[in-house]
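Colleague:
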Amino acid sequence: MTSPKAPPTLEEFRARAAHTGLPLTPEDIEHLHKGYLGLLEMMARMPTGWAWAAEPPHIFRADE
Amino acid sequence: MTDLTTLGIAEAGRRMARGELTSAALTEAFLARIAAVDGKISSYITVTADIARNAARQADMEMKGGVRRGPLHGIPVALKDIYETAGVRTTGHSHLKVDYVPAIDAETVRRLKDGGAVILGKLGTHEFANGAMTPDQPFPAVRNPWNTQYQPGGSSSGSGAAVAAALCMGAMGSDTGGSIRNPAGFCGTAGIKPTYGLVSRCGVYPLSFSLDTAGPLSWTVEDCALMLDVLAGHDPHDPASASTAKVDYGAATLRPIKGLRIALARHWYEGGKGAKDASVATEMKTSIDDAVRVLRELGATVEEVRFPDLWDYHVCGRVIITAEAHAIHRQEVIETPEKFGYTTRRRFQLGAFLTAEEYVSALRFRRQLALDTRAAMRGYDLVMTANQWGAPETFQEPQPIFHFLDKPSLTMPFNVTGEPAMTVCCGIGSDGFPQAFQLAGRAFDEASVFAAGAAYERVTPWRSRRPKL
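Which chain is which? The protein sequence lines are A and B, in order.
The opening position of the first sequence corresponds to residue 0 in numbering that gives the first Met the number 0, with each subsequent residue numbered one higher.
The opening position of the second sequence corresponds to residue 0 in numbering that gives the first Met the number 0, with each subsequent residue numbered one higher.
(1) By the criterion of Cβ-Cβ separation under 9 Å, what are the contact partners of W310/B in chain A?
(2) Check whether the region 139-147 of chain B and the region 170-181 of chain B are in contact - that is, three or more C-beta pairs closer than 8 Å.
(3) Please state the DSSP three-state secondary structure of P215/B.
(4) Is the shortest distance between the beta-carbon of G37/A and the beta-carbons of chain B less than 7 Å?
(5) State the DSSP-derived secondary structure class of D174/B, mapped to helix, strand or coil.
(6) So L216/B and A170/B are supposed to be a Cβ contact under 8 Å. How far apart are they, rounded?
(7) What do you get for A31/B, buried or exposed, if any count of 16 or more other CB atoms within 10 angstroms of its CB means buried?
(8) Buried or exposed, going by whether 16 or more other CB atoms sit within 10 Å of the CB of V100/B?
(9) Between the Cα of K79/B and those of M376/B, R200/B, L263/B and R52/B, spot the shortest distance and give me the residue it belongs to.
(10) Closest by CA to W267/B, which one among V382/B, E61/B and A446/B?
(11) Does the Cβ of A244/B have 16 or more other Cβ atoms within 10 Å, making it buried, or fewer, making it exposed?
(12) State the CB to CB distance for the pair G157/B and L122/B, rounded to an integer number of angstroms; the pair is presumed to be in contact (CB under 8 Å).
(13) Is there a Cβ from chain B that is less than 7 Å from the Cβ of G34/A?
(14) Among M15/B, D289/B, P255/B and T354/B, which has the Cα closest to the Cα of V481/B?
(15) Find the residues of chain B that neighbour R15/A, judging by a C-beta separation of less than 8 Å, and give them in chain order.
(16) Buried or exposed: A458/B, going by 16 or more other Cβ atoms within 10 Å of its Cβ?
(17) What residue from Q367/B, V318/B and F364/B has the CA that sits closest to Q476/B's CA?
(18) Rounded to the nearest angstrom, what separates S155/B and L36/A at their Cα positions?
(19) If contact is defined by three or more beta carbon pairs under 8 Å, each pair taking one atom from either stretch, is the region 447-456 of chain B in contact with the region 290-309 of chain B?
(20) Comparing the C-beta of R363/B with each C-beta of chain A, is any distance below 7 Å?
(21) Since V437/B sits in a beta bridge, which residues does DSSP pair it with?
(22) I'd like to know if the region 62-76 of chain B and the region 22-30 of chain B are in contact, where contact means that at least 3 CB-CB pairs between them fall below 8 Å.
(23) Check the Cβ-Cβ distances between A52/A and every residue of chain B, and say whether any is below 7 Å.
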């Protein structure tokens with residue numbers, strides 16, 4: 000990924016949630032905020048420096 | 000008299016071929032056992048008794064006339080309730096599909112029926128193969144037959160529980176991040192996630208297109224091989240389906256394994272000292288060490304090999320599942336969020352917060368991990384590692400919404416690489432629960448996986464003990 004992202008506060012996350020098009024309850028948003036922070040922390044493991052042309056498989060085929 | 004419900008598929012087939020057993024008698028034995036004990040574990044959502052009896056009669060008539068359709072002819076099996084079945088409701092264990100009756104069978108169901116299998120019914124699952132089993136869903140949670148206070152693992156929960164409890168001879172499951180191998184491990188059955196593309200997913204509810212696989216669970220490795228003999232093959236209606244040569248998996252279970260080279264990924268299940276390094280229970284380590292010894296005595300070479308970090312596969316797979324599952328279920332979580340269980344809904348909502356870049360990075364990462372895994376496997380036929388961290392979970396409410404944050408999945412590496420991976424039971428712990436290891440192979444080399452798993456089962460006593468209900 001291009002740069003490490005600062006974890007959003009609950010307020011920032013709530014603002015973002017409003018743009019997802021999902022009907023979310025305050026409880027949903029709190030759970031999703033925790034889940035998102037956890038996922039974000041895990042995603043820090045993913046390499047950041049991909050060649051611009053590094054192409055993922057369009058349909059993954061184990062026999063390719 | 001032998002209890003017919005604990006016969007293996009191969010043995011039942013042999014008896015039917017000799018005219019010593021009828022499919023009708025076998026089917027009645029299973030229907031009677033389901034009526035007697037399934038109330039304790041709730042593995043079935045729908046029992047299709049009449050359909051099963053008709054199929055059994057048909058099989059008996061054909062076999063009497065000298066027609067043999069293959070290893071599943073007359074064999075009673077069941078389906079995870081995400082497999083579409085013509086005329087029989089396919090609920091996905093969800094309020095959203097509780098009344099949905101498909102018009103046609105999934106391709107795998109068609110193959111099972113063409114092979115003469117008798118479909119006993121539809122089995123409980125984590126909602127849409129993802130959410131936990133919670134009280135706000137339309138069917139009771141499936142329970143572990145070894146101890147009904149515990150969960151059977153998921154998402155193919157009913158499949159693992161029903162096979163272990165002798166309520167069917169084999170069952171279909173699906174595996175996107177471990178959903179065949181988790182219940183197989185916790186319920187003490189065999190189960191294989193085939194190579195991505197080997198078995199059609201057409202007519203199976205999707206969770207994550209680029210990771211979903213369909214496959215069987217059964218009591219023994221040999222029975223899984225016989226089921227895969229019927230299930231494998233190209234399907235033009237599944238865009239990921241591969242064209243590969245036909246392999247006799249049943250025959251592969253009889254191959255000697257002398258000279259087979261197995262890479263042991265011990266560092267995945269015996270973590271270091273870091274806060275995020277997990278380790279399996281001590282008894283599980285001992286059981287796997289014993290299994291390594293047995294495989295060596297059978298002539299295989301087992302050596303420790305370093306693979307990419309387990310967390311790398313875990314995060315890669317989780318990002319892909321989260322994004323793709325959201326895309327699949329987005330409309331439903333917008334229009335009818337109240338119809339999902341409270342864990343399922345949030346797991347499907349989370350993908351709305353991922354960026355396109357994050358999803359594509361995960362796909363790029365997947366290719367890198369697949370290449371690195373293949374490089375680490377150079378010179379080896381199989382990979383061996385633990386199947387689960389320890390005992391299954393209890394039914395405490397509320398359940399974790401995002402269950403994947405605490406520990407990496409031991410099963411995810413082979414979803415990410417697409418390679419076949421099988422669960423093999425290797426003991427019963429002092430807590431009364433089964434222990435298990437995984438054997439994984441190169442893409443489309445299920446034959447070597449079956450050879451090693453079956454050889455191990457033949458010389459160990461673990462297939463002689465069933466849960467008591």
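We put the CB at the ideal spot given by N, CA and C, even for glycine.
Just so it is clear, the structure is predicted and the values come from calculations on it, not from any experiment.
Modeller: Result, derived from the coordinates:
(1) For the purposes of this step, residue 310/B is identified with residue 311 of the second sequence, where counting begins at 1. Per Cβ cutoff of 9 Å: M41 and R44.
(2) no
(3) Indexing the second sequence from 1 puts residue 215/B at position 216. DSSP places P215/B in strand when its eight states are reduced to three.
(4) Position 38 of the first sequence, counted from the start, is the residue given in the question as residue 37/A. So yes, G37/A belongs to the interface.
(5) Start at 1 with the first residue of the second sequence, and residue 174/B comes out as number 175. Three-state result, D174/B: strand.
(6) The sequence position of residue 216/B within the second sequence is 217, counting from 1. The sequence position of residue 170/B within the second sequence is 171, counting from 1. At roughly 5 Å, the Cβ-Cβ gap stays under 8 Å, so L216/B and A170/B are in contact.
(7) For the purposes of this step, residue 31/B is identified with residue 32 of the second sequence, where counting begins at 1. Per the 10 Å Cβ criterion, exposed.
(8) Looking up residue 100/B in the second sequence gives position 101. Classification of V100/B: exposed, given that the 10 Å Cβ count is below 16.
(9) Position 80 of the second sequence, counting from 1, holds the residue named residue 79/B. The shortest C-alpha separation from K79/B is found at R200/B.
(10) In the second sequence, counting from the first residue as 1, residue 267/B sits at position 268. Ranking V382/B, E61/B and A446/B by Cα distance to W267/B puts V382/B first.
(11) Residue mapping note: residue 244/B aligns to position 245 of the second sequence, counting from 1. By the 10 Å Cβ count, A244/B comes out exposed.
(12) For this step, residue 157/B is matched to residue 158 along the second sequence. For this step, residue 122/B is matched to residue 123 along the second sequence. Confirmed, Cβ separation roughly 3 Å.
(13) Within the first sequence, the letter at position 35 stands for residue 34/A. Closer than 7 Å: yes.
(14) Given a span of 0 to 468 for chain B in the structure shown, any question on residue 481/B remains unanswerable.
(15) Taking the first residue of the first sequence as position 1, residue 15/A is located at position 16. Going along chain B in sequence order, the residues near R15/A (Cβ under 8 Å) are F352.
(16) Residue numbering aside, residue 458/B sits at position 459 when the second sequence is read from its first letter. The sequence given here has Val at residue 458/B, not Ala. Exposed.
(17) In this structure chain B extends from 0 to 468, so residue 476/B is not present and cannot be described.
(18) Within the second sequence, the letter at position 156 stands for residue 155/B. Within the first sequence, the letter at position 37 stands for residue 36/A. The straight-line gap from Cα to Cα measures roughly 28 Å.
(19) yes
(20) Here residue 363/B refers to the residue found at position 364 of the second sequence. Chain A, which has a Cβ nearer than 7 Å to the Cβ of R363/B, makes this yes.
(21) Counted from its first residue, the second sequence places residue 437/B at position 438. It should be pointed out that residue 437/B corresponds to Gln in this sequence rather than to Val. In DSSP, Q437/B forms a bridge with T384/B and T422/B.
(22) yes
(23) Along the first sequence, read from residue 1 onward, the residue named residue 52/A stands at position 53. Output row for A52/A: interface = no.
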